[in-house]
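Just so you know, we're using numbering that gives the first Met the number 0 here: the sequence shown kicks off at 0 and counts up by one.
Where is the CB? At the ideal position from N, CA and C, for every residue including glycine.
One structure below.
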Amino acid sequence: MGHVVPSAEPSTRSPSAGAGPCPPAWRLEHDLTGHLAELARFRRRRQLERSPLYGRLQDEIERVLHGFEWRLQPPVPPPTGPPTLRAAAWNLERGKQLDAILATFAEQPSLRDADLLFLTELDIGMARSGNLNIAERIADELGMAYVFANFHLVLAPGDHGEQRQHEANTLALHGSAIMSRYPIRRFDAVSLPECVDKFHVLEKRLGSKRSLIAEVLTPHGSITAIVVHLDPFAGSRHRGFQMARTMAAARRFGGDRVLLGGDLNTNTYHLGSARGLAANFARKMVVLGFDRTVEQYLTPQKIFERPVFNSLAAHGMHVDGFNDLTKGTFHYDLRDPDVVRKTSDYIPPVLYRWLDRRLEPWQGRVPMRIDWFAGRGLSPRSPWVIELPQHHGVRASDHHPIGVTVDL
Numbered sequence: 000m001g002h003v004v005p006s007a008e009p010s011t012r013s014p015s016a017g018a019g020p021c022p023p024a025w026r027l028e029h030d031l032t033g034h035l036a037e038l039a040r041f042r043r044r045r046q047l048e049r050s051p052l053y054g055r056l057q058d059e060i061e062r063v064l065h066g067f068e069w070r071l072q073p074p075v076p077p078p079t080g081p082p083t084l085r086a087a088a089w090n091l092e093r094g095k096q097l098d099a100i101l102a103t104f105a106e107q108p109s110l111r112d113a114d115l116l117f118l119t120e121l122d123i124g125m126a127r128s129g130n131l132n133i134a135e136r137i138a139d140e141l142g143m144a145y146v147f148a149n150f151h152l153v154l155a156p157g158d159h160g161e162q163r164q165h166e167a168n169t170l171a172l173h174g175s176a177i178m179s180r181y182p183i184r185r186f187d188a189v190s191l192p193e194c195v196d197k198f199h200v201l202e203k204r205l206g207s208k209r210s211l212i213a214e215v216l217t218p219h220g221s222i223t224a225i226v227v228h229l230d231p232f233a234g235s236r237h238r239g240f241q242m243a244r245t246m247a248a249a250r251r252f253g254g255d256r257v258l259l260g261g262d263l264n265t266n267t268y269h270l271g272s273a274r275g276l277a278a279n280f281a282r283k284m285v286v287l288g289f290d291r292t293v294e295q296y297l298t299p300q301k302i303f304e305r306p307v308f309n310s311l312a313a314h315g316m317h318v319d320g321f322n323d324l325t326k327g328t329f330h331y332d333l334r335d336p337d338v339v340r341k342t343s344d345y346i347p348p349v350l351y352r353w354l355d356r357r358l359e360p361w362q363g364r365v366p367m368r369i370d371w372f373a374g375r376g377l378s379p380r381s382p383w384v385i386e387l388p389q390h391h392g393v394r395a396s397d398h399h400p401i402g403v404t405v406d407l
């Protein structure tokens, strides 16, 4: 059943998943900061797990990797009104541009007025995002209840473009969050097995992604909210498996009215290896050709990412009406230095130059639909996308925020 709002006094330690009543607010903290550099020195996971250091720290590491942070009651009175709920989902790119993110929430009515937020890629105590608690800062600014599900204990500065930091990570946490203007009654999470061991990548880290599920109490009854961040370094079948695992957990959690949002990474590729990426691309060229392949990036549900959407449909979840299907939610932009650095890991320079030429009709900037809403037992209307909001010339994130209004 997950964590539920208690009637008793708060406990003095972080409860485990499924442990029952929990305090109305909890900050996810740990005593591992002084050991992060030492943990990062191990080259292979097997060496780490056989070490005396890991033996001493394992219980604390596991607690953190399966940990949550929360504030179950909004600090301001919840809204009253008709039986509708305004939702938004946004991948915040770690929260590195927090000022631009907060300004976007303040300046964009669709985001400012949202009742429920599905947020992915939030840091807590990472130098790349100022060693701030991104989840808490946003929830405080918006006056919302929130639950943060931790995914990782990060043992590196970050990914491409994040390696040069002027300070060390503190808590070194990264995950997703649900934020609500209404009380959150209970929550839980399910781990999503990944294809690539993240201990052996540039952004070395322990843990795995998790789908966060919460019951939100509106004046018109409860709704089950699910924030999802599927694996980009896997094929569509594995993403479909992750979605099936998420929906099975949601079924156990319960709820007739369900709204799911987040970054499903429906990029139509297997980014876990250069060989997998090459095989994906070759298949597309044979089946569709270049131009139709690019067109499919906006409709991944039709062919290349069907396993993800089949898993949703098997549980009565719908995407039609919940999404503005005329727009992308992310741009693959060959003029973006971060994209160039990441692309160079997978394709040789000669192929990159060929790709650059072929994408000239799109000015090197291809829209993709990788962020989604899906629902059950709800009537959606007025879906929207805000393309790459900026504040004073600073891009808030590399993803576009999306939203939808649902009638309860």
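- In the DSSP assignment, tryptophan 361 is bridged to no other residue.
- Its Cα nearest to that of histidine 165, the residue Pro156 stands out among Gln72, Pro156 and Pro22.
- Less than 9 angstroms separates the beta-carbon of glycine 260 from that of valine 226.
- Out of Leu116, Phe117 and Asn149, the CA that lies nearest to the CA of asparagine 132 is found in Asn149.
- Around the CB of phenylalanine 117, 16 or more other CB atoms lie within 10 Å, so the residue is classed as buried.
- Between arginine 44 and valine 200, the alpha-carbon positions lie close to 11 angstroms from each other.
- According to the DSSP assignment, phenylalanine 104 belongs to the alpha helix (DSSP H) that extends over 97-106.
- For arginine 375, DSSP records a beta bridge to Val257.
- Unbroken beta strand (DSSP E) runs of no fewer than 3 residues, entirely contained in the stretch 295-358, are found at 329-332, following chain order.
- Glutamine 164 sits in coil when the DSSP states are folded into three classes, being neither helix nor strand.
- Looking at the backbone, the Cα of leucine 263 and that of proline 306 are separated by about 12 angstroms.
- Minimum Cα-Cα distance from valine 146 among the listed residues Gln162, Ile123 and Asn168 corresponds to Ile123.
- Secondary structure note for leucine 211: its beta strand (DSSP E) is the uninterrupted segment 209-217.
- Taken atom to atom, the span from the alpha-carbon of alanine 248 to that of leucine 172 is near 23 angstroms.
- Using a Cβ distance threshold of 9 angstroms, proline 400 and serine 109 count as a contacting pair.
- Arginine 380 sits in a strand when the DSSP states are folded into three classes.
- In the structure shown, proline 51 falls within a helical segment according to DSSP collapsed to helix, strand and coil.
- Distance from the CA atom of arginine 70 to the CA atom of methionine 242, rounded to whole angstroms, is 27 angstroms.
- Distances from the alpha-carbon of aspartate 114 to those of Ala87, Gly363, Arg42 and Gly129 put Ala87 closest.
- With a cutoff of 9 angstroms on beta-carbon distance, glutamate 161 and aspartate 397 are scored as not near each other.
- A distance below 7 angstroms between beta-carbons, with the five flanking residues on each side excluded, links valine 215 to the following residues of its chain, in chain order: Leu115, Ser179, Tyr181, Ile183, Ser221, Ile222 and Ala224.
- In this structure, DSSP gives histidine 237 a helical state, which the three-state scheme calls helix.
- Counting along the chain, the unbroken alpha helix (DSSP H) around valine 286 starts and ends at 273-286.
- Cβ atoms of valine 153 and asparagine 168 come within 8 angstroms of each other, at about 6 angstroms.
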